[in-house]
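Student: With my numbering applied, the sequence shown corresponds to residues 4 to 771, in that order. Just so you know, even glycine gets a beta-carbon here, dropped at the ideal spot from N, CA and C. From a predicted model like this one, the values you see are computed outputs, not experimental measurements. The structure follows.
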Amino acid sequence: MMVLSMRVYGVGYGRVLAFVLSMVIVASLLVALYFTYYMFMERCGRCFIGLVRIEGAIIYDEDAYRYLRLIESAAVNSSIKALVVYVNSPGGYADLVEAIHLELSSLGRVKPVVCVAQLALSGGYYIAVAAEHIYVYPTSYVGSIGVIGIGPSILVPSERVMETGPYKIVGFSRLLFPYNITEALDNFLDAVESGRRGRLRLSRDELSRGLIYIGSEAVKLGLADELGSIRDALNLASKKAGIEEYEVVDLNTGKPYTEYTSSRELYEYLWKDISLEALSKTHPPPALYYIYLPPQLYLELASQYHTIVYNTTYSNGRVLVDLSHGNTVSWIDLDVLSGKLVENGASIAFTRSWMDIEDKLLNSSALIIATPTVAYTDREAKLVEEYVEKGGILLLFFDPSVEYVSIPNLAYPINTIASRFNIYFAGGYLYNNLENFGFYRNIYAYIAKEAIDNPIVLNVTRIALFTATHIYSSSPALAYTSNNTYSSTAEKPGRYTVAVYGRRGSGLVVAFSDLSFLQEPYCYVADNLKLVENIASIIAQNTPPARRVEKPPTIPEIPETREISEPKIPVGLEKEYLCIEDGEEYRIIWVKVGDREILVVYPQTTIHYYYDEEGSLTSWTTDNITCIYLEPIPKPPYPLVAGKEWGWRSRYSLSISSLEYLGSIEGYFKVEDVEEIEIAGRVYLAARVAFEINDTLYMDGASSRSISRGFQWICSEIGHIREETTTYYYIDSILQTIVKRILVLEEVRYRSKSIYSWNTIHIQQVVY
């Protein structure tokens, strides 16, 4: 790269070669001088105290190697009588931290090692405890003792690439990986207790909580020895080495020590390499870290490993799984439950359309709502209430881990439906340092005595939950934790409810505060599998509400027929709409420029829509963007009458400049009523159409998805006259934003002649 840039700026090849050679010579001289200095130190007979500065995250092999080499130089150089280690680090990759700790411990057996800790968090503190004496500043950060582990992924096997065993690729068992983390934690705790022997005032359990202490607290608790500076550490090191006169050499630079001051650049350096990309590239998962991550960086890291929601097909299953509210549940999460349902003669269907749920709900035995990221509307919640009252089963699952929730909404979306049944999922998570499955967040819960004969928990004694919260409810509890379980938000022990059930009318509601216990291999811990089998059996035996009671014969009424015929819009007609988007107003101009072309002018762009001879939308284009629908999107099936439903699906190709991406879109529509609507004094007979449109675009390994729900009003005279839409935008199943739009027709023109003129309000338009 250096040679290339020089040639671009006109430097000849010979001059470039000379320059490169001169740089090599200079570097060699610097290295020679560096080692010559150490040789001189040994021969001159003077005494030195070495200073090593360990700064920044230790996530690269070369970081650890540099520090190991410096410590080794202090060990082999007889003129260096003691070593002061200055720690300003959040830690790093587990084995690199351990290597530095062990090297310092080895040195400490032959020479005094004293530490000054400015920022000694997690692995930084692991290194510090190798010293026999630790100085801190009054507000140094010390502690964060613990481990962060990124577990193994699920192996999707290949018939072309073959491995010799089930763990050859993934390396670890997903089920047992928490025990690997706990083993690493034990190693950390052993190092702390050994290094601080006789001085600690914290129990092993208290140490493992990962708290951060300021320097003055750390001294009181025995994590450090006293408040002091580098100069204090040098004086103590000289006393322990038995020398009065000495010089200080900064081993990082190979030069005599000058008073060290920190800088903003150093602070940025501390965190600059702590990113998902750096961690995963240098040490791909599974991986273990003794590292402190600020909360925002931890969430970034964890959210990259969330469950993928796969595209699913629609079916007329007896169990419906809602995916229409940004639910982060997938068929992998419910794989075992699905299998047990099939064994009991039932089936399961995943659907992204709430309208699809509305149509099939009364003919379904159960509705599963798990980990939504979008709130339920009052209308949707009432529909679910009516379903349960008529005999349906509602299963609610919430999981507080970052893989399943959106920040900052957390439990809010599921509580918009759960609270209708006197159930409320709490914030935070539960943990137990004494009773757990390999890891403090993997807790056990025990069946409530009052529920022991309940068929849901029949022959179930104990269940294991993998990051769960607790539940507030007036309904009976199915399972409690033991009394020594903590809530991360309450920060106090107690017996917490983790599963409840309740009756509503003829139906049943069951809620669980964890989702992972349904999955393999976690379903094989404790009595989890029996619980899953019981749930499947109860669902399979439940008769859908629509089949419970035969409706008595009635004399059908002949309603007044009101219908909306297809608008006959001539070429040259213009419609002007007022759009209100999240409170901001702007105008949209709609123009029929030809029999097969519509032009829509927005404030920032103009879009051309193209249709075939059947009136189906085939493509649209704007600026450098072109979208082609592989299956043309049909127009509404006129005439529109109350109760008429239709839908469509299409794949599309989206070209942006020279890049091409693929996507899919599907829409569901239902005429709820044909009604009169007034717009600025003029009354129209219009079809009120409820709709839902799901659009997914795949770009560079990520998926962008939008879900639009709302109502359109269509009249026979001029087509769309009003629309109300709420759109939810996601990236990789994580909710990014919600946009509300109102679109209202203001004026209709034909060429230059005004036909109508109104003053109203309106929303976004869908063009057919």
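By how many angstroms is the C-alpha of GLY111 removed from the C-alpha of VAL222?
Tutor: The straight-line gap from Cα to Cα measures roughly 21 Å.
Student: List the endpoints of the continuous beta strand (DSSP E) containing PRO375.
Tutor: Neither: PRO375 is in no beta strand (DSSP E) and is coded neither H nor E.
Student: Do ASP64 and ASN436 have their CB atoms nearer than 8 Å?
Tutor: It is not a contact, given that the beta carbons lie outside the stated cut-off.
Student: Does TRP357 come out as helix, strand or coil in the three-state DSSP assignment?
Tutor: Reduced to three states, the DSSP call for TRP357 is helix.
Student: Do the segment 383-400 and the segment 734-747 meet, that is, are 3 or more Cβ pairs less than 8 Å apart?
Tutor: In short, these stretches do not touch, since the Cβ pair count stays below three.
Student: Opposite ILE455 in the DSSP bridges: which residues?
Tutor: Looking at the DSSP assignment, ILE455 forms no beta bridge with any residue, so it has no partner.
Student: Please classify THR609: is it buried, with 16 or more other beta-carbons within 10 angstroms of its beta-carbon, or exposed?
Tutor: Label assigned to THR609: exposed.
Student: Please state the DSSP three-state secondary structure of TYR328.
Tutor: Reading off the sequence, residue 328 comes out as His, not Tyr. HIS328 falls in the coil class under three-state DSSP.
Student: Report back the beta-carbon spacing between PHE440 and PRO181 to the nearest angstrom; my notes put them in contact at under 8 Å.
Tutor: Right, their Cβ atoms sit about 7 Å apart.
Student: Decide if THR39 is buried, meaning its Cβ has at least 16 other Cβ atoms within 10 Å, or exposed.
Tutor: Note on THR39: pLDDT 46, under 50, position unreliable in the model; the coordinate value appears next. THR39 is exposed by the Cβ-count criterion.
Student: Just to confirm my understanding: we take ARG752, look at its own chain, exclude 5 residues before and 5 after, and list those with CB closer than 6 Å. What are they?
Tutor: So the list reads GLU577, once near-sequence residues are dropped.
Student: Are there 16 or more other CB atoms within 10 angstroms of the CB of ARG652, so buried, or fewer, so exposed?
Tutor: Looking at its Cβ environment, which holds fewer than 16 other Cβ atoms inside 10 Å, ARG652 is exposed.
Student: Alpha helix (DSSP H) containing THR185: first to last residue?
Tutor: That run of the alpha helix (DSSP H) goes 180-198.
Student: Which residues in the same chain as PRO606 place their Cβ atom closer than 7 Å to its Cβ, once the five residues preceding and following it in sequence are excluded?
Tutor: So the qualifying residues of the chain are TYR589.
Student: Is the distance from the Cβ of SER619 to the Cβ of LYS595 below 8 Å?
Tutor: Against a cut-off of 8 Å, the Cβ pair of LYS595 and SER619 comes out as no contact.
Student: So LEU688 is in the beta strand (DSSP E); what residue range does that whole segment cover?
Tutor: Start and end: 685-702.
Student: Whole angstroms are fine: how far does the CA of HIS473 sit from the CA of GLY431?
Tutor: Each residue's Cα considered, the two are about 8 Å apart.
Student: Should ILE659 go down as buried or exposed, given a rule of 16 or more other Cβ atoms within 10 Å for buried?
Tutor: So ILE659 ends up on the exposed side.
Student: Within the chosen definition, does the segment 82-95 reach the segment 239-255 through at least 3 CB pairs nearer than 8 Å?
Tutor: At 8 Å Cβ cutoff, the stretches touch.
Student: If the criterion is Cβ atoms closer than 8 Å, does the pair THR464 and ASP530 meet it?
Tutor: It is a contact, given that the beta carbons lie within the stated cut-off.
Student: For VAL345, report the span of its beta strand (DSSP E) as first-last.
Tutor: Element bounds for VAL345: not the beta strand (DSSP E) but the alpha helix (DSSP H), 338-346.
Student: How would you call TYR580, buried or exposed, if buried means at least 16 neighbouring beta carbons within 10 angstroms?
Tutor: TYR580 comes out buried.
Student: Three-state secondary structure (DSSP) at LYS243?
Tutor: Correct three-state label for LYS243: helix.
Student: Find the nearest neighbour of TYR295 within the set GLY95, GLY245, ASN190, judged by alpha-carbon distance.
Tutor: When each option's Cα is compared against that of TYR295, the closest is GLY95.
Student: Is GLY505 helix, strand or coil by DSSP?
Tutor: Here GLY505 sits in strand by DSSP.
Student: When the distance is taken between beta carbons, is VAL117 closer than 8 Å to ALA290?
Tutor: Contact flag unset, no.
Student: Can you tell me whether HIS104 is helix, strand or coil according to DSSP?
Tutor: In the structure shown, HIS104 sits in a helix (DSSP, three-state: H, G or I).
Student: Nearest by alpha-carbon distance to THR142: which of LEU643, LEU662, ASN91, PRO375 is it?
Tutor: Per the Cα distances, ASN91.
Student: With the cut-off set at 8 Å, would you say LEU203 and TYR216 are in Cβ contact?
Tutor: Result no, Cβ atoms of LEU203 and TYR216 do not sit closer than 8 Å.
Student: Counting Cβ pairs closer than 8 Å, one from the segment 477-491 and one from the segment 363-372, do we hit at least three?
Tutor: Contact fails: fewer than three Cβ-Cβ distances are below 8 Å.
Student: Counting C-beta neighbours from all protein chains within 10 Å, is the total for ILE130 16 or more, i.e. buried, or is it exposed?
Tutor: Buried, because 16 or more other Cβ atoms sit within 10 Å of the Cβ of ILE130.
Student: What would DSSP say about GLN522, mapped onto helix, strand or coil?
Tutor: Note: GLN522 maps to coil in three-state DSSP.
Student: In three-state terms, what does DSSP make of TYR722?
Tutor: Note that residue 722 is Gly in the sequence shown here, rather than Tyr. It is a strand residue.
Student: Beta strand (DSSP E) containing ILE741: first to last residue?
Tutor: ILE741 -> beta strand (DSSP E) spans 737-753.
Student: Would you say the segment 509-516 touches the segment 343-356, given that touching needs at least three Cβ pairs under 8 Å?
Tutor: Segments in contact, no.
Student: Based on the DSSP secondary-structure assignment, which residues constitute the bridge partners of ASN91?
Tutor: Paired residues: GLU58, LEU122.
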